[in-house]
Every structure is written in structure tokens, then in C-alpha cells.
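Engineer: Pasting a structure here, questions to come.
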Amino acid sequence: MDPQKVIKPAKLHPPVPPKPKSQQQPKENEHDYVAMDVSMQQKRGRGEDSAPPTPGKQPADKKPKSTEEENEAQVSNNDIFQAIIGLKSTVSGVETRVANVESQLGDIKKQNQQASAMLANLAKAVQVNAKELADCIKRVDKLESAKDIC
């Protein structure tokens, strides 16, 4: 370098503002959710429940049922059958109770209709009595006024 050459001063750029927290690199104790989403998508594509294939493994053979297990199955089937028969009798009992309740409801409806008719008749009788009472009051007033005149 020659001492005669003039070196231009470097232009200083303003300091770079810090990135917002959302764009900063995650710290050790923070989670990187974007990476987690990608890994979850990869798992979903593969199937979560599917295990990697193991070519050396043979499927286990089924054990033949022993006669004891068949007897237990038969006993449980008999128990189930008895329970169904018991439920059938219970259902028939419920049906008879429902029929009784329906007949009682019909009786109550008839009694309600009769009571409504009686109330209507009583209302008519009250109206008739009110008219007769008004007529009687008018007659009494006429008689009193005639008595006062005399």
C-alpha cells in the first residue's frame, strides 16, 4: 500500500433492528411448533397405529377351543336366554300397567267432561237466578214506591 493512496472511509449502515420475538430462533426451553407440525403430519401419513413391518415374525396360530370353554359359553348363552325370557315377562307386565293407566286416563277424561257440563249448567242457573233477583228487586221497589204514595 502506498502512503499516497487515500483510503475512503467505510459507510456505516444504521444498526439492524432486532427481529420480533416471533421470528427469533427458539431458545432451548421453547418449543418449535412448526417442526412439531411437520413431524405430526409425517406420523399421520404413515398411520399412528401402524407399527413398522417385521418380516421375521410369523402370526400366532389360534388355539382351538377346549370343551370347558365351550361349556362356559353354553352356560352363558343359557343365562342370556333366561334373562331374555325374564325381560319378556317384565315387558308384558309393563304393557298391562300401561293399559291400566290408559283406561284410568280415559275415565278421568269422562269425569272431566261431566264436570265441565255441570259447571256450564250451574253458570246458566246463576244467570237465570240473577235475572229473577233483578226482577224481584224491581217489584219490591215498585211496591215500596206505591206504598209511599198511598
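In full-length UniProt numbering, the protein residues as written are 1 to 150.
Ideal placement from N, C-alpha and C gives every residue a C-beta, glycine not left out.
Would you identify the three-state DSSP class for VAL98, choosing helix, strand or coil?
Structural biologist: In the sequence shown, counting from the first residue as 1, residue 98 sits at position 98. Three-state DSSP puts VAL98 in a helix.
Engineer: Tell me the DSSP secondary structure of LYS142 in three-state form.
Structural biologist: Stepping through the sequence shown from its first residue, residue 142 is reached at position 142. LYS142: helix per DSSP, three-state reduction.
Engineer: Ignore the nearest five residues each way along the sequence and tell me which others in ILE149's own chain have a CB closer than 6 Å to its CB.
Structural biologist: As a first step, residue 149 is located in the sequence shown; it is residue number 149 there, counting from the start. Closer than 6 Å at the Cβ level, and outside the excluded window around ILE149, lies no residue.
Engineer: For ARG139 and GLN111, I'd like the C-alpha separation in whole angstroms.
Structural biologist: Stepping through the sequence shown from its first residue, residue 139 is reached at position 139. Stepping through the sequence shown from its first residue, residue 111 is reached at position 111. Their Cα atoms are separated by approximately 42 Å.
Engineer: Quick check on SER92 - is its C-beta less than 8 Å from some C-beta in chain C?
Structural biologist: Structure shown: chain C not included; a single protein chain is present.
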